[in-house]
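Residues in the sequence shown are numbered from 2 upward in steps of one, following the working numbering. Here a beta-carbon is modelled for each residue, glycine too, at the ideal position from N, C-alpha and C. Comments concern the structure below.
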Amino acid sequence: KFEVESIDLTDNHIQAIDSSICTDIDCDPLLCRPGTYNSEGRKTPELPCEECEENEYYGSLLCAVSRTPRPTIKPATPPTPSSLANEREILETFYDDCGGPRWSRSDNWKDKTVSICDWFG
């Protein structure tokens, strides 16, 4: 016998599970059923499987066949020069507070000649 939580089969395009595996248990703790998903690919006490008609596989981590998350916010408006300056300050503070100099990758961070869009790490 095995512990369901010890097996990770998520996001593998599984189309069927033998009925003998799920006779005594709800299969969602093993894999969210087709038509559902969550970020873990299986139900946990804190995270139920959510509806997503487009999903055809067990254990989906994202909603939709395209494998991209459903948009939850409106597209951003183009930044203005003043908002970019504010974002630069916020990102520089984030970098400093999170130990940026010790990151394994911190390309271009805080370089005044480089757009924040080209910072990496």
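Residues near residue i by beta carbon distance below 6 Å, same chain, minus five either side
i	result
S107	G101 and G122
Y96	W110
W104	G122
W120	N109 and W110
V115	N109
Cβ neighbours of residue i in the same chain (closer than 7 Å, five flanking residues each side left out)
i	result
G1	Within the shown structure, residues of the chain are numbered from 2 to 122, placing residue 1 beyond reach of any answer.
K113	none
P93	Looking at the sequence itself, residue 93 is Glu, so the reference to Pro does not match. Around E93: K111.
Residues bridged to residue i [DSSP beta-bridge criterion]
i	result
I15	Y59
Y38	E51
F95	DSSP, once it has assigned bridges, lists no residue as partnering F95.
D108	F121
CB-CB length for residue i against residue j, believed under 8 Å
i	j	result
P49	N39	7 Å
E88	I117	6 Å
T37	E52	6 Å
Residues of its chain near residue i, where Cβ-Cβ distance is below 8 Å and the 5 sequence neighbours each way are ignored
i	result
D27	K44
I18	C28, L31, L32 and Y59
I22	C28 and L31
Does the region 48 to 63 come within contact of the region 6 to 23, defined as at least 3 CB pairs closer than 8 Å? Counting Cβ pairs under 8 Å, three or more are found: they touch.
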